[in-house]
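K.L.:
All residue numbers for the sequence shown refer to the numbering used here, where the first residue is 473 and numbers rise by one.
Quick one: structure below, then a few questions.
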Amino acid sequence: MKRLTARMLVISFDCLSALDYPLIRDLPHFREVLSKGSLAPRVKTIYPSLTYPCHTTIVTGRYPKNHGIIHNTLIQPGRHSPDWNWYRSKISGTTLYDEANKAKMKTAALLWPVTGRAQINYNLPEIFPNRWWQTQLLVSLFSGTPAYQWELNKRFGHLRNGIKQPELDDFVLASSVHTIEAYQPDLMMVHFTDLDSMRHYHGFSSPEATAAIKRLDERLGAILGALKRKKLYDETTIIVLGDHSALDENKAIHMNVLLKENSWLSVNHRSQISKWRVYCKSCDGSAYIYIKDKKDKTLKTQVKAFLYSLQQNPANGIEDVLSGNEAARMGADPECSFMLEARRGFYFLDDVSEDFIEPIQEHDEQKKHILATHGYSPNKADYHTIFMASGKGIKKDVTVSHIDLVDIGPTLAALLGLDLGKTDGHVVKEFLTIE
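Structural data, given as structure tokens:
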């Protein structure tokens, strides 16, 4: 396909929901993008609908089972804070920024998930220290572009307050504006997490979430302003999107508590998992069930019967039990033995030190208590995200009522004249100025 644009800016507003459209369409900078471009008001996300798998899908056009990022974090039973899928090497196959790099385009990424040690010219990866001997500055420098990150930290580090919001997005915004003005990348990808944090901490429709959406509009305006000042606005394709929605909840399901009671796992004196035959890996709104010995058919039959018996009682919070094959058909990890979907109002936690069902009343960082979350099935009602595009190569006033998250990667690649190879999605040609 003929290249339709020389420059692209992709802005991800984490947890931007289709339900936010009535608000954002009246905010000035969202309205500017919408008035000049195309819209998909309902984008079906992936399973599990977690940030890292979603953002990898956006740049690959593939489901988690095919790109390899099946969860935000690694499977590390017993660790209170598992390591995350920070590094590009964890992704199978190519990505949008890899293909841009091959085409000699100048690339930039700011807090875009799973870009650690990627071949990106200006890379500020999303990563944090997860060992007592690590520091934020060092793990960032060794995972991204050292001189670029050092410059950003020197200029704008005072805006940050660790990873707390909205200060972190203030830092990302200042860094984004500077990157546009100083380096003018051909492909730039930016990830903002303010809204996601506010929804986790305060609830989906909380005043704090509404305030965060208004801050997103201001940040969008500042980025558009930088493009205009550098006279890049008219030649840039501007993509604004979400990765998943969220649902309110007030009860946590600790599946590993029941697995312990069935002697399928054991814990040490610090209530950490030490040995396991069966393990539940929370995906927040869903959960993977892994059986260590996949050849143990007797155990698998016992676990299956146990899970289905739990599902029969709505108070247990389990809406659906999927086999490993069913989970894989939905794009999730084909290595899981089962996958559990939580009912509305429930989400999963990995801990084994609490009751099976734990009421949640307020946000508690240490206990991982939150008031809204994601990770749920993309088939949940009112659980879509949103996609909008304007500028070079994009038709004006086109609305495609429904697309899938896997369609975004091929569409962005087509705009840049790139090829992602075999994908699970397709190019949404209705958006593009193809003759």
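Ideal Cβ placement from N, Cα and C applies to all residues, glycine included.
1. DSSP three-state label for Leu884, please.
2. Classify Gly863 as helix, strand or coil using the three-state DSSP reduction.
3. Exposed or buried, which one is Asp666 when buried takes at least 16 other CB atoms within 10 Å?
4. What first and last residue would you give for the beta strand (DSSP E) that runs through Ser781?
5. Under the three-state reduction of DSSP, which class applies to Pro525: helix, strand or coil?
6. Considering only DSSP beta bridges, list what Tyr594 is partnered with.
7. Does the beta-carbon of Phe600 have 16 or more other beta-carbons within 10 angstroms, so that it is buried, or is it exposed?
8. Counting Cβ pairs, one atom from each stretch, are 3 or more of them under 8 Å apart for the segment 715 to 735 and the segment 506 to 521?
9. When the Cα of Phe676 is compared with those of Asp854, Pro525, Pro585, Ala885, which residue comes out closest?
10. Does the separation of the CB atoms of Asp756 and Gly817 fall below 8 Å?
11. Can you tell me the Cα-Cα spacing of Leu922 and Leu568, whole angstroms?
12. In angstroms, rounded to a whole number, what distance separates the CA positions of Ile829 and Leu624?
13. In terms of DSSP beta bridges, what is Ser752 paired with?
14. Skipping 5 residues on each side, what residues in its chain have a beta carbon closer than 7 Å to that of Tyr535?
15. According to DSSP, is Phe676 helix, strand or coil?
16. Taking the alpha-carbon positions, what's the Glu721 to Arg687 distance?
17. Hey, Glu707 and Lys864: beta-carbon distance below 8 Å or not?
18. Counting Cβ pairs, one atom from each stretch, are 3 or more of them under 8 Å apart for the segment 607 to 614 and the segment 639 to 658?
19. Check whether the Cβ atoms of Tyr751 and Leu771 sit closer than 8 Å, and answer yes or no.
20. CB-CB under 8 Å to Lys732, same chain, minus the five flanking residues each way: which ones, in chain order?
P.N.:
Taking the geometry as given:
1. helix
2. strand
3. buried
4. No beta strand (DSSP E) contains Ser781, which is instead part of the alpha helix (DSSP H) from 769 to 783.
5. helix
6. Ala580
7. exposed
8. yes
9. Asp854
10. no
11. A question about residue 922 goes unanswered here, because the residues of the chain that appear run from 473 up to 907.
12. 44 Å
13. For the sequence presented, residue 752 should be read as Cys rather than Ser. In DSSP, Cys752 forms a bridge with Ile761.
14. Ile518, Thr529, Gly803, Val878, Asp896
15. coil
16. 25 Å
17. yes
18. no
19. no
20. Ser738, Val739, Val824
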